[in-house]
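A.B. asks:
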Amino acid sequence: YFENTGTDANPVFSGSSLLQAAGTTINVGSYSRLEIADFDRDGLKDLLVGSGSGNVWLFHAINPAAPWLFLAGTLLNDAAGNTNDALNSGETAQLVVCLTNLSARAEGVFARLLCTNASIMVANPVVSFGSIGSNASIRNSSQPFCLVVSPGAPVDSFYSFELQIWHGASPVTNRFKFAIGGYAATAG
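Per my numbering, residue 55 is the first one in the sequence shown, and the count goes up by one each step.
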């Protein structure tokens, strides 16, 4: 990225800097092309990047005056079950989520966890996080979500979860999956 420190009629380009998203340098490989536009119609210019490999990425601009919350990670604890850190048929597990805020302070944050499959019940689907400062992360370690897996839940099947993060009038939705009898959570 070269910034024009002059005018349109008489441009002067300063030293280069690498474009970043969420503090990480954007690297999509070679033969990339970008477009800048307000793709989500929020008044901020977003970045759409296509690469020679055929992948396309959309980087949403962050409003520095508004919170920007997202699910940064999950930690599953099945200490009440067989302690293999995985969901298994017939056991109860606790789920801790890590929320990160990359922009302005967020007040009154809470999250709702949903699972559409009848084999898994979320016993306490709503957790309050309170306030999350700018460039800060928080976990619900003292109030984890409780997942109850039915004894007949099929093994080696992925179960989809939706985490709705609320800090205003509408939620930010994050999706992830856990496998019954498996070890990894996957995004998607």
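Where a beta carbon is used, it is the ideal one built from N, C-alpha and C, also for glycine.
Is the beta carbon of L153 less than 8 angstroms from the beta carbon of I192?
C.D. replies: yes
A.B. asks: Go through the stretch 156-187 residue by residue and report every complete run of the beta strand (DSSP E) that reaches 3 residues or more, in order.
C.D. replies: 160-169, 174-176, 180-186
A.B. asks: Which residue comes first and which comes last in the beta strand (DSSP E) that contains I259?
C.D. replies: The question about residue 259 has no answer, for the chain in this structure spans 55 to 242.
A.B. asks: Write down the C-beta distance between L123 and L102 rounded to the nearest angstrom, noting that I regard them as a contact closer than 8 angstroms.
C.D. replies: That belief does not hold up - the Cβ atoms of L123 and L102 are roughly 23 angstroms apart, past 8 angstroms.
A.B. asks: State the DSSP-derived secondary structure class of I116, mapped to helix, strand or coil.
C.D. replies: coil
A.B. asks: Apart from the five residues just before and just after I80, which ones in its own chain have a Cβ nearer than 6 angstroms to its Cβ?
C.D. replies: L73
A.B. asks: Using the Cβ count rule (16 or more neighbours within 10 Å means buried), how would you classify N138?
C.D. replies: The Cβ neighbour count for N138, taken over all protein chains shown within 10 Å, is under 16; the residue is labelled exposed.
A.B. asks: Please report how far the alpha carbon of G135 lies from the alpha carbon of A233, in whole angstroms.
C.D. replies: One C-alpha to the other measures close to 16 angstroms.
A.B. asks: Just to confirm the assignment, what range does the beta strand (DSSP E) spanning G104 have?
C.D. replies: For G104, the enclosing beta strand (DSSP E) covers residues 100-104.
A.B. asks: Where S182 and V163 are concerned, what is the direct C-alpha to C-alpha distance, given to the nearest angstrom?
C.D. replies: So the two alpha carbons sit approximately 6 angstroms from each other.
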